[in-house]
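Number of protein chains: 2
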Amino acid sequence: MSIKNLKVLLAEDDESLGMLLFEYLKAKGLDVEHVKDGVAAFNAFKKSTFDICIFDVMMPKEDGFTLAKRIRATDKSTPIIFLTAKSLKEDIIEGFLIGADDYMTKPFSMEELLLRIDAIMRRVKTGNNNEDVEFFDIGKYSFDVKKQVITINEKTQKLTTKESELLRLLCINMNGLLERNYALENIWQEDSYFNARSMDVYITKLRKYLKEDPQIEIINIHGKGFKLVVP
Amino acid sequence: MSIKNLKVLLAEDDESLGMLLFEYLKAKGLDVEHVKDGVAAFNAFKKSTFDICIFDVMMPKEDGFTLAKRIRATDKSTPIIFLTAKSLKEDIIEGFLIGADDYMTKPFSMEELLLRIDAIMRRVKTGNNNEDVEFFDIGKYSFDVKKQVITINEKTQKLTTKESELLRLLCINMNGLLERNYALENIWQEDSYFNARSMDVYITKLRKYLKEDPQIEIINIHGKGFKLVVP
DNA sequence: GTTAAGGGTTAACATACTTTAACTTTCATT
DNA sequence: AATGAAAGTTAAAGTATGTTAACCCTTAAC
Chain A
1 MSIKNLKVLL AEDDESLGML LFEYLKAKGL DVEHVKDGVA AFNAFKKSTF
51 DICIFDVMMP KEDGFTLAKR IRATDKSTPI IFLTAKSLKE DIIEGFLIGA
101 DDYMTKPFSM EELLLRIDAI MRRVKTGNNN EDVEFFDIGK YSFDVKKQVI
151 TINEKTQKLT TKESELLRLL CINMNGLLER NYALENIWQE DSYFNARSMD
201 VYITKLRKYL KEDPQIEIIN IHGKGFKLVV P
Chain B
232 MSIKNLKVLL AEDDESLGML LFEYLKAKGL DVEHVKDGVA AFNAFKKSTF
282 DICIFDVMMP KEDGFTLAKR IRATDKSTPI IFLTAKSLKE DIIEGFLIGA
332 DDYMTKPFSM EELLLRIDAI MRRVKTGNNN EDVEFFDIGK YSFDVKKQVI
382 TINEKTQKLT TKESELLRLL CINMNGLLER NYALENIWQE DSYFNARSMD
432 VYITKLRKYL KEDPQIEIIN IHGKGFKLVV P
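Residue numbers (my numbering), protein chains in the order written: chain A, 1 to 231; chain B, 232 to 462.
As structure tokens, then:
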């Protein structure tokens, strides 16, 4: 399971760190709700379902420990990571005793936070792997990502792995820009000249596959990337 | 639920710290095997089954990262905690990328280590790990791993050992990627060209067995592995 | 000890996928 | 309009995979 699309409840009152974390996690594809105090966090938690919680320990209205205790009273399973400036042994111990999954002392690297989230989620593996089931409607076509096929008028066309990965990224950004370097890093792992040329070849192939519906276009944004345009 | 009687593999070359940890964990009721280098750790791991591994990163003969990589080649689930004097960001990241569950920098409190073990084991026990499932539903088929048989419409088909092992790995990763090298290390013990070709032959055989249900597909992810796709 | 059956591997050939190369066209800039 | 960089396109080259059948072991019956 990947960490993409994870629903994260982030409770952090520090303006700059909070914003930074929010933007970073969002950029990494997580679905983050950002609140600034313990009470707001508890209300948010009650209202919807989250895959993981990230709580600052020192917060206005209600501290992270108290918040976690209230949550653990009814929910024993949602993972909780504490963030704190204190590295006091007693605090760390209290955090884990409440039922935390991890405890990070500031300053920490955001990359490490992401990896710790990943490590926890590997263990959790909830049954909703349905997140991976992706279908896209592209004009008159439908695209089954899992099976790597596109269908139009009962006719199906199998896609190769690379074709499918590229079309998927285009679909995620449908009618918006898919940046070249993002796609290259994502599919080819490296943004190099030759990989870029390879990507161009695949764009050509996708255009051929999709030409049955003249409404559909993959247009190039010079120097930036491509856009899948669908009415 | 407690951490008592957990089988722990502790690899730590530092005499005093190693002894300290060994005695502490033993006193807390854990069943600890203490080795002093990476090679000894790998041999111990092969010989018996452990609930969790605690590896120092810098060790004689083989460092903790290399050790963990070798273990992860065939075992993706046994939790691993790294201990290290270095708190370099790159090292931490590498540790998690290998598949670590936690990474602690020295000095740390032994109490915290114990709590981190506990936090991990909570997840291991509650998470649905498919690894020891004995029956799988594959579309209209059912697969009895122990008996090495698949059944559809009262008809049964016996599988050979290799066929069954491969299908089992595909099922564990159902609708997800089964990496080639992982399957090869796991079933053939070695990722070589000829074993890879042999694996391809078995993929063909499994496709034939499973063709009664047209919804089921074993699709190839070029250069990466195979995916058992089931609606 | 021979033999046949079953399981697994190797060989051989066919096909599919990805990258590279070469040439053409478009675009932004001057 | 001239220029160089980026993108469009096609085909060839290089790998990876699909498939079938022959081959080679081991086992167990004779």
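Virtual Cβ for every residue (Gly too), placed ideally from N, Cα, C.
Measure the beta-carbon distance from residue i to residue j and round it to whole angstroms, keeping in mind my assumption that it falls under 8 Å.
{"i": "C82/A", "j": "G95/A", "result": "Correcting the residue type first, residue 82/A is Phe in the shown sequence and not Cys. Correct: roughly 5 Å between the Cβ atoms."}
{"i": "Q388/B", "j": "Y424/B", "result": "Actually they do not touch by this definition, with Cβ atoms about 30 Å apart."}
{"i": "D368/B", "j": "R347/B", "result": "Incorrect: roughly 36 Å between the Cβ atoms, too far for contact."}
{"i": "K317/B", "j": "V288/B", "result": "7 Å"}
{"i": "L170/A", "j": "N186/A", "result": "About 12 Å separates the two Cβ atoms, so there is no contact after all."}
{"i": "L261/B", "j": "I234/B", "result": "6 Å"}
{"i": "F65/A", "j": "I98/A", "result": "6 Å"}
{"i": "D244/B", "j": "M290/B", "result": "5 Å"}
To the nearest angstrom, how far is the alpha carbon of residue i from that of residue j?
{"i": "V364/B", "j": "R354/B", "result": "18 Å"}
{"i": "E246/B", "j": "V32/A", "result": "45 Å"}
{"i": "E362/B", "j": "Y433/B", "result": "21 Å"}
{"i": "Y413/B", "j": "A304/B", "result": "6 Å"}
{"i": "T105/A", "j": "T78/A", "result": "21 Å"}
{"i": "E443/B", "j": "L390/B", "result": "16 Å"}
{"i": "D37/A", "j": "F50/A", "result": "17 Å"}
{"i": "I323/B", "j": "K436/B", "result": "43 Å"}
{"i": "A68/A", "j": "K7/A", "result": "17 Å"}
{"i": "D371/B", "j": "I383/B", "result": "For clarity, residue 371/B is Lys in the given sequence; the question names Asp instead. Cα-Cα distance, rounded: 6 Å."}
{"i": "L240/B", "j": "C284/B", "result": "5 Å"}
{"i": "V460/B", "j": "Q446/B", "result": "8 Å"}
{"i": "K257/B", "j": "L344/B", "result": "13 Å"}
{"i": "F63/A", "j": "E217/A", "result": "The sequence given here places Asp at residue 63/A; Phe does not occur at that position. Roughly 52 Å separates the two Cα atoms."}
{"i": "I351/B", "j": "A242/B", "result": "18 Å"}
{"i": "H265/B", "j": "L319/B", "result": "26 Å"}
{"i": "D174/A", "j": "R207/A", "result": "Per the sequence shown, residue 174/A should be read as Met rather than Asp. Answer to the nearest angstrom: the Cα atoms are 15 Å apart."}
{"i": "A100/A", "j": "E342/B", "result": "15 Å"}
{"i": "K292/B", "j": "T84/A", "result": "38 Å"}
{"i": "S373/B", "j": "K162/A", "result": "32 Å"}
{"i": "Q189/A", "j": "E254/B", "result": "45 Å"}
{"i": "I381/B", "j": "D431/B", "result": "20 Å"}
{"i": "N128/A", "j": "I80/A", "result": "With a pLDDT of only 41 at N128/A, under the threshold of 50, the placement of this residue in the model should not be trusted, and no figure is reported."}
{"i": "L398/B", "j": "V145/A", "result": "22 Å"}
{"i": "E321/B", "j": "F45/A", "result": "34 Å"}
Quick one: using the 10 Å Cβ neighbour count with 16 as the cut-off for buried, is residue i buried or exposed?
{"i": "P231/A", "result": "exposed"}
{"i": "H453/B", "result": "exposed"}
{"i": "Q148/A", "result": "buried"}
{"i": "F366/B", "result": "exposed"}
{"i": "G456/B", "result": "buried"}
{"i": "L252/B", "result": "buried"}
{"i": "G176/A", "result": "exposed"}
{"i": "M19/A", "result": "exposed"}
{"i": "E165/A", "result": "buried"}
{"i": "L415/B", "result": "buried"}
{"i": "R197/A", "result": "exposed"}
{"i": "N274/B", "result": "exposed"}
{"i": "I178/A", "result": "According to the sequence provided, residue 178/A is Leu. The question's Ile does not apply to it. That one is buried."}
{"i": "N5/A", "result": "exposed"}
{"i": "I219/A", "result": "exposed"}
{"i": "K155/A", "result": "exposed"}
{"i": "K458/B", "result": "buried"}
{"i": "T126/A", "result": "For T126/A, the pLDDT reaches just 46, beneath the cut-off of 50, and the residue's location in the model is therefore unreliable, although a value from the coordinates is still provided. Answer is exposed; the Cβ neighbour count stays below 16."}
Let me check you understand the geometry: is the CB of residue i closer than 7 Å to at least one non-hydrogen atom of the ligand SAM?
{"i": "D51/A", "result": "Annotation note on the ligand SAM: not contained in the displayed structure, which lists no ligands."}
In terms of residues, what are the limits of the alpha helix (DSSP H) holding residue i?
{"i": "A242/B", "result": "First-last for A242/B: 238 to 242, but that is the beta strand (DSSP E), not the alpha helix (DSSP H)."}
{"i": "V460/B", "result": "From DSSP, V460/B is part of no alpha helix (DSSP H) but of the beta strand (DSSP E) over 456 to 460."}
{"i": "D91/A", "result": "89 to 98"}
{"i": "E396/B", "result": "392 to 403"}
{"i": "D118/A", "result": "110 to 124"}
{"i": "D287/B", "result": "Per DSSP, D287/B belongs to no alpha helix (DSSP H); it is in the beta strand (DSSP E), 283 to 287."}
{"i": "I203/A", "result": "193 to 209"}
{"i": "L177/A", "result": "L177/A -> not in any alpha helix (DSSP H); beta strand (DSSP E) instead, spanning 177 to 179."}
Mind checking which residues open and close the beta strand (DSSP E) that includes residue i?
{"i": "V263/B", "result": "262 to 266"}
{"i": "S373/B", "result": "372 to 375"}
{"i": "T156/A", "result": "155 to 158"}
{"i": "N451/B", "result": "448 to 452"}
{"i": "D137/A", "result": "135 to 138"}
{"i": "L83/A", "result": "80 to 84"}
{"i": "T257/A", "result": "Residue 257/A is absent from the model: chain A starts at 1 and stops at 231."}
Subject >> Contacting positions in the segment 95 to 109 of chain A - beta carbon closer than 9 Å to chain B >> reply: Result list: G95, F96, L97, G99, A100, D101, D102, Y103, S109.
Original post:
Taking a cut of 8 Å between CB atoms, which residues from the segment 143 to 163 of chain A lie near chain B?
Top reply: Contact residues of the segment 143 to 163 of chain A toward chain B are K146, K147, Q148, T160, T161, K162 (C-beta to C-beta distance below 8 Å).
Subject >> Members of the segment 405 to 426 of chain B near chain A, C-beta cut-off 9 Å >> reply: Answer set for the segment 405 to 426 of chain B: M405, N406, G407.
Subject >> Residues within the segment 192 to 217 of chain A neighbouring chain B, beta-carbon criterion of under 9 Å >> reply: Against chain B - using a Cβ distance shorter than 9 Å - the segment 192 to 217 of chain A contributes no residues.
Subject >> Under 9 Å (Cβ pairs) to chain A, residues found in the segment 312 to 326 of chain B >> reply: Legend: CB atoms of the segment 312 to 326 of chain B lying less than 9 Å from CB atoms of chain A belong to residues K320, I323, I324, G326.
Original post:
When you check each C-beta in the segment 62 to 79 of chain A against every C-beta of chain B, which residues fall closer than 7 Å?
Top reply: From the segment 62 to 79 of chain A, only S77 have a Cβ closer than 7 Å to chain B.
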